[in-house]
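So the sequence lines, in the order shown, correspond to chains A and B.
Mapping of the first sequence onto my numbering: residues 1 to 230, in sequence order.
Mapping of the second sequence onto my numbering: residues 231 to 349, in sequence order.
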Amino acid sequence: MKQKGNYIIVSLILFVVGFLVAFSYQQTNSKPKVTQLSENEWEKDYFYRQQLIDIEDKNKQLEDELTTLRQTVQDFEQDIGEEKKQIGDLVDTKKRLQILTGELPVEGEGIEISLKDADYIPSEDNVNQYIVHDRHIHLVINELYSAGAKAIAINGQRIYADSYIQCVGPVISVDGNVYPAPFVISAIGAPDVLDVSLNLTNGVVDNLLYDNIEVTVEQMPEIEMDARAS
Amino acid sequence: MWLPAMFLIFGVLLGLMTNITVPDAYANYLSIAVLAALDTLFGGIRAQAERKFDQKIFVTGFFFNISLAAFLAFLGVQLGIDLYLAAIFAFGVRLFHNIAMIRRIYIEKWEKRKIKQEK
Numbered sequence: 001m002k003q004k005g006n007y008i009i010v011s012l013i014l015f016v017v018g019f020l021v022a023f024s025y026q027q028t029n030s031k032p033k034v035t036q037l038s039e040n041e042w043e044k045d046y047f048y049r050q051q052l053i054d055i056e057d058k059n060k061q062l063e064d065e066l067t068t069l070r071q072t073v074q075d076f077e078q079d080i081g082e083e084k085k086q087i088g089d090l091v092d093t094k095k096r097l098q099i100l101t102g103e104l105p106v107e108g109e110g111i112e113i114s115l116k117d118a119d120y121i122p123s124e125d126n127v128n129q130y131i132v133h134d135r136h137i138h139l140v141i142n143e144l145y146s147a148g149a150k151a152i153a154i155n156g157q158r159i160y161a162d163s164y165i166q167c168v169g170p171v172i173s174v175d176g177n178v179y180p181a182p183f184v185i186s187a188i189g190a191p192d193v194l195d196v197s198l199n200l201t202n203g204v205v206d207n208l209l210y211d212n213i214e215v216t217v218e219q220m221p222e223i224e225m226d227a228r229a230s
Numbered sequence: 231m232w233l234p235a236m237f238l239i240f241g242v243l244l245g246l247m248t249n250i251t252v253p254d255a256y257a258n259y260l261s262i263a264v265l266a267a268l269d270t271l272f273g274g275i276r277a278q279a280e281r282k283f284d285q286k287i288f289v290t291g292f293f294f295n296i297s298l299a300a301f302l303a304f305l306g307v308q309l310g311i312d313l314y315l316a317a318i319f320a321f322g323v324r325l326f327h328n329i330a331m332i333r334r335i336y337i338e339k340w341e342k343r344k345i346k347q348e349k
């Protein structure tokens with residue numbers, strides 16, 4: 001009985017000892033050790049450190065280079081962007097000019113002016129003073145162009161840069177096609193601007209009315225004009 | 231005989247598996263506790279060999295030595311003297327002494343047995 005008690009006590013003590021030893025062993029293992037470096041190891045250490053510094057130096061240099069190259073790339077991209085913008089501008093200009101010359105179909109809001117010969121002609125006066133002449137139409141068209149109209153058509157026939165309008169007796173010839181009165185001049189552009197510029201005091205409409213022509217100006221939400229058929 | 235061995239293994243395993251880390255300031259206490267434990271253990275073995283093993287002395291000695299060593303170390307820290315060195319020194323000397331005694335006793339026993347056999 002006593003022997004057995006001894007064993008248990010010894011076991012407990014051994015347990016504690018084992019725990020303590022193992023624990024302190026682990027403790028010292030987990031601690032960062034102050035390593036003693038020999039001469040050789042010092043040299044190695046120094047060598048590797050030097051290498052590391054060199055590599056970091058090189059790294060920095062390369063990073064600088066990278067930054068410069070990125071800057072260059074950005075500059076190039078900016079240039080390309082500007083060129084694109086210029087090309088876009090040129091395309092816009094070309095389109096505008098093409099619309100002006102009539103090479104492109106146009107549609108948009110605009111204005112319609114109809115010119116009509118006077119209904120009542122007093123018998124003692126000259127008839128010529130009461131009908132629409134080509135100069136009236138020129139007047140209207142020039143005014144419309146200078147007010148910023150994109151495209152103009154007379155009775156549905158589009159006016160080009162080289163069109164001519166001519167009086168042939170009571171009718172008017174546009175590029176050889178003859179139209180009788182009333183003449184409907186449609187113009188594509190900002191309706192407000194066109195309207196205002198036509199209705200200026202002593203402007204086109206006043207002049208036409210003074211020449212005994214019946215003028216009506218109407219704003220249109222949608223006008224279509226075809227391109228020159230060629 | 232297997233019970234103490236098993237407990238020893240258990241203790242070692244438990245010590246290896248615990249993940250508690252003692253702060254650096256208390257590392258001294260731990261080493262002294264280990265030394266005290268070892269000292270008491272070998273003291274017990276020696277007493278066993280001399281056939282005057284006393285359970286009470288053994289157990290009280292174990293815990294008392296450890297506490298004393300820890301107290302000495304604590305005192306040393308408080309006073310700014312490396313008092314724990316004294317404990318280490320004492321325990322070290324006693325450890326060697328105990329081991330030497332154990333060795334001597336067992337050699338004597340062995341020689342006695344040899345003489346008996348020769349007779």
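Virtual Cβ for every residue (Gly too), placed ideally from N, Cα, C.
Nothing here was measured: the structure is a model prediction, and the numbers come from that model.
The Cβ of proline 253 (chain B) sits no closer than 8 Å to any Cβ of chain A.
The straight-line gap separating the alpha-carbon atoms of valine 289 (chain B) and isoleucine 13 (chain A) is approximately 8 Å. The continuous beta strand (DSSP E) containing isoleucine 165 (chain A) extends over residues 165-168.
A direct Cα-Cα distance of roughly 20 Å separates valine 174 (chain A) from isoleucine 223 (chain A). By the criterion of at least three beta-carbon pairs nearer than 8 Å, the region 185-203 of chain A is in contact with the region 147-167 of chain A. Between glycine 110 (chain A) and glycine 203 (chain A), the gap from beta carbon to beta carbon reaches 8 Å or more.
For the pair leucine 208 (chain A) and valine 217 (chain A), the CB atoms are not nearer than the 8 Å cut-off. Taking the Cα positions, serine 38 (chain A) is about 12 Å away from tyrosine 46 (chain A).
For asparagine 59 (chain A), the enclosing alpha helix (DSSP H) has its first and last residue at 39-101.
Excluding sequence positions up to five before and after alanine 149 (chain A), its CB lies within less than 7 Å of the CB of Ala187, Ile188, Gly189 and Leu194, all in the same chain and listed in chain order. By the rule that beta-carbons nearer than 8 Å mark a contact, phenylalanine 294 (chain B) does not touch chain A. Nearest to proline 170 (chain A) by C-alpha distance, out of A:Val140, A:His138 and A:Asn128, is A:Asn128.
Annotation for alanine 153 (chain A): the continuous beta strand (DSSP E) segment containing it runs 151-154.
The region 100-114 of chain A makes contact with the region 133-151 of chain A: 3 or more CB pairs, one atom from each, lie closer than 8 Å. Between phenylalanine 15 (chain A) and chain B, the shortest Cβ-Cβ separation is below 8 Å. Following the DSSP letters along the chain, one finds tyrosine 259 (chain B) in no beta strand (DSSP E) but inside the alpha helix (DSSP H) bounded by residues 257-279. In this structure, B:Tyr314 is the residue among B:Gly291, B:Phe292 and B:Tyr314 with its C-alpha nearest to the C-alpha of phenylalanine 301 (chain B).
With a threshold of 16 other beta carbon atoms within 10 Å, serine 297 (chain B) falls short and is exposed. Residues of chain A whose Cβ lies closer than 8 Å to the Cβ of phenylalanine 237 (chain B) are, in chain order, Ser11, Leu12, Leu14, Phe15 and Gly18.
Identification of chain A residues near serine 261 (chain B) by a Cβ-Cβ cut-off of 7 Å yields Ser24, ordered along the chain.
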